[in-house]
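Read top to bottom, the protein sequences are chains A and B. Whatever position you read off the first sequence (first residue = 1), add 112 for the numbering used here. Whatever position you read off the second sequence (first residue = 1), add 1 for the numbering used here. Glycine is no exception: its CB is placed at the ideal position from the N, C-alpha and C atoms. Since we're looking at a predicted model, the values are computed, not measured. The next block holds one structure in the form of structure tokens; read it before the comments.
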Amino acid sequence: MKPEDFDLFSVLVKQRSGLVLTRDKAYLLESRLTPVARKWNLKTLDDLAQSVRAKRDETMLRDITEAMTTNESFFFRDQKPFDQFRQVLLPQLLKSRAAKRQIRIWSAAASSGQEAYSLAIILNEEAAKLQGWKVDIFGTDLSAEMVERAKSGIYSQFEVQRGLPVTFLVKYFQQVGTDRWQVKDNIRQMVQFREGNLLTDFGPIGTFDIVYCRNVLIYFDQPTKTRVLEAISKVLTPDGTLFLGGAETVLGVTEKFKPLENERGLYVLTGRTGATAPVPPAPFQAATV
Amino acid sequence: MKSCLIVDDSRVIRKVARQIFDTLGFSCEEAEDGKVAHAACLKKMPDVILLDWNMPVMNGIEFLRALRREPGGQTPVVVFCTTENDLNHIQEALTSGANEYIMKPFDADIVRSKLSQLGVIEA
Ligand SMILES: C[S@@+](CC[C@H](N)C(=O)[O-])C[C@H]1O[C@@H](n2cnc3c(N)ncnc32)[C@H](O)[C@@H]1O
Numbered sequence: 113m114k115p116e117d118f119d120l121f122s123v124l125v126k127q128r129s130g131l132v133l134t135r136d137k138a139y140l141l142e143s144r145l146t147p148v149a150r151k152w153n154l155k156t157l158d159d160l161a162q163s164v165r166a167k168r169d170e171t172m173l174r175d176i177t178e179a180m181t182t183n184e185s186f187f188f189r190d191q192k193p194f195d196q197f198r199q200v201l202l203p204q205l206l207k208s209r210a211a212k213r214q215i216r217i218w219s220a221a222a223s224s225g226q227e228a229y230s231l232a233i234i235l236n237e238e239a240a241k242l243q244g245w246k247v248d249i250f251g252t253d254l255s256a257e258m259v260e261r262a263k264s265g266i267y268s269q270f271e272v273q274r275g276l277p278v279t280f281l282v283k284y285f286q287q288v289g290t291d292r293w294q295v296k297d298n299i300r301q302m303v304q305f306r307e308g309n310l311l312t313d314f315g316p317i318g319t320f321d322i323v324y325c326r327n328v329l330i331y332f333d334q335p336t337k338t339r340v341l342e343a344i345s346k347v348l349t350p351d352g353t354l355f356l357g358g359a360e361t362v363l364g365v366t367e368k369f370k371p372l373e374n375e376r377g378l379y380v381l382t383g384r385t386g387a388t389a390p391v392p393p394a395p396f397q398a399a400t401v
Numbered sequence: 002m003k004s005c006l007i008v009d010d011s012r013v014i015r016k017v018a019r020q021i022f023d024t025l026g027f028s029c030e031e032a033e034d035g036k037v038a039h040a041a042c043l044k045k046m047p048d049v050i051l052l053d054w055n056m057p058v059m060n061g062i063e064f065l066r067a068l069r070r071e072p073g074g075q076t077p078v079v080v081f082c083t084t085e086n087d088l089n090h091i092q093e094a095l096t097s098g099a100n101e102y103i104m105k106p107f108d109a110d111i112v113r114s115k116l117s118q119l120g121v122i123e124a
């Protein structure tokens with residue numbers, strides 16, 4: 113690939129998704145964009161680059177951007193963030209939201225939906241405690257193709273075996289054809305998916321008690337991470353919680369969040385006070401007689 | 002060191018599975034059918050059993066039912082690993098005492114993910 117074509121594609125992808133592509137990723141660009149060129153009846157990436165320069169066709173730009181995203185996800189990915197949700201956050205919310213009886217959760221960068229459905233499954237397991245409650249799970253992703261897959265709730269045999277205990281497979285999925293499985297309607301109805309770009313205005317999405325934003329910031333450069341985290345801080349309730357992926361942190365990226373003590377991977381707003389805030393140092397005591 | 006009994010009539014599958022369990026730090030034994038597996042368990046109950054369904058002499062589900070009736074036969078964690086991939090088979094396995102179920106083809110990630118959910122290995 114010509115250096116100027118690499119630059120064209122990488123600038124485009126960076127602007128539209130935040131993904132940083134360094135020169136050593138040229139092979140990745142080539143392997144991911146070749147199918148896009150073919151789809152547009154263009155022979156080479158050279159032709160694709162020319163077409164981008166000449167037309168800037170929105171659909172083509174989208175195709176290029178989406179082709180560069182990494183969409184891997186699993187059910188109950190890393191397990192711990194889901195145990196923390198069930199054992200730590202849910203009991204807290206059951207108390208703190210007892211008057212409103214409403215909980216809102218956002219799976220930002222939801223990919224094909226496994227994270228959102230894992231949460232819906234946990235909520236269904238805890239249904240007895242949530243009688244009369246309204247729980248919204250909202251999933252967004254840049255990729256239209258992923259949003260469609262997430263909505264369909266259909267997964268390959270391979271996908272339903274990574275992270276999903278077989279008892280949940282039996283309880284919450286139905287088999288379609290010989291080797292695909294679909295999330296049952298009662299669980300699908302708990303989740304709403306739609307397209308959404310973390311780099312642009314989120315629009316009227318309201319506020320969330322919990323945001324999962326995992327395994328997407330790793331692809332961004334520092335200023336983009338900061339920008340996304342600060343935008344998320346604005347849609348989190350004052351006592352809300354943010355989950356990041358195992359290789360992601362707020363430290364050195366933004367002052368808006370701080371790690372929650374004793375709960376790895378969980379972050380809360382810096383200004384937050386209340387039960388989980390650190391205990392202030394004991395006031396200086398004059399010597400007592 | 003945790004122990005694993007790999008029960009499958011295919012030598013190739015046993016070899017693949019053995020490699021995966023070796024990497025995870027298990028000591029492995031192999032059995033080519035349910036009867037051989039049963040005899041091995043009576044000698045010493047393994048921590049984990051990876052179990053094929055269709056095998057000559059004694060198949061996987063017959064072996065599992067026999068195992069669960071033996072003294073100490075409740076302790077091994079039994080993970081089915083079979084090409085049978087329909088809901089009926091899965092349900093039959095679970096009601097017969099299986100702890101987990103893998104549908105072939107499988108890979109190291111699937112095995113690892115199942116074992117860590119079962120708490121047999123660290124995540
Ligand atoms: C590796 S997946 C992570 C999925 C899931 N959160 C998880 O941890 O399993 C990353 C996802 O981020 C999406 N993505 C990348 N850039 C994005 C952006 N700027 N806005 C929204 N989603 C984006 C990709 O389309 C991809 O589906």
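Assuming ILE330 of chain A contacts GLU360 of chain A (C-beta within less than 8 Å), just tell me the rounded distance between them.
6 Å
Name the two residues that bound the continuous alpha helix (DSSP H) containing GLU257 of chain A.
256-264
Per DSSP, the bridge partner or partners of ASP248 of chain A:
A:ARG216
Going by DSSP in three states, GLY362 of chain A sits in which element: helix, strand or coil?
Reading the sequence as shown, one finds Val at residue 362 of chain A and not Gly. Correct three-state label for VAL362 of chain A: coil.
Three CB pairs or more closer than 8 Å across the region 145-160 of chain A and the region 113-127 of chain A
yes
For ARG261 of chain A, I'd like the list of residues in its chain whose CB is within less than 8 Å of its CB, leaving aside the five on either flank, ordered along the chain.
SER224, GLY225
My output table needs one value for ALA394 of chain A: the three-state DSSP class, helix, strand or coil.
Note that ALA394 of chain A scores 47 on pLDDT, short of 50, meaning its location in the model is unreliable; the coordinates nonetheless yield the value given after this. Correct three-state label for ALA394 of chain A: coil.
Counting only Cβ-Cβ distances shorter than 7 Å, please list the residues of the region 259-277 of chain A near chain B, keeping chain order.
GLN269, GLN273, ARG274, GLY275, PRO277
Leaving out five residues before and five after LEU276 of chain A in sequence, what residues of the same chain have Cβ atoms less than 7 Å from its Cβ?
PHE187, PHE188
Contacting residues, own chain, Cβ-Cβ under 8 Å from ALA239 of chain A (five flanking each side not counted)
none
Which class does TRP301 of chain A belong to by DSSP, given the choice of helix, strand or coil?
According to the sequence as given, residue 301 of chain A is Gln; it is not Trp. In this structure, GLN301 of chain A counts as coil in the three-state DSSP scheme.
Determine the DSSP secondary structure at GLN269 of chain A, reduced to helix, strand or coil.
coil
According to the Cβ coordinates, are GLY308 of chain A and ASP253 of chain A closer than 8 Å?
yes
List the residues that DSSP assigns as beta-bridge partners of GLU342 of chain A.
Paired residue(s): none; GLU342 of chain A is not in a bridge.
Output yes or no for whether 8 Å exceeds the beta carbon distance between LYS151 of chain A and ASP175 of chain A.
yes
C-alpha gap between ALA222 of chain A and GLN75 of chain B, whole angstroms
40 Å
Taking C-beta pairs closer than 7 Å, name the residues in chain B that ASP291 of chain A reaches, listed in chain order.
ASN86
Inter-residue spacing [alpha-carbon to alpha-carbon] between LEU95 of chain B and ARG66 of chain B
11 Å
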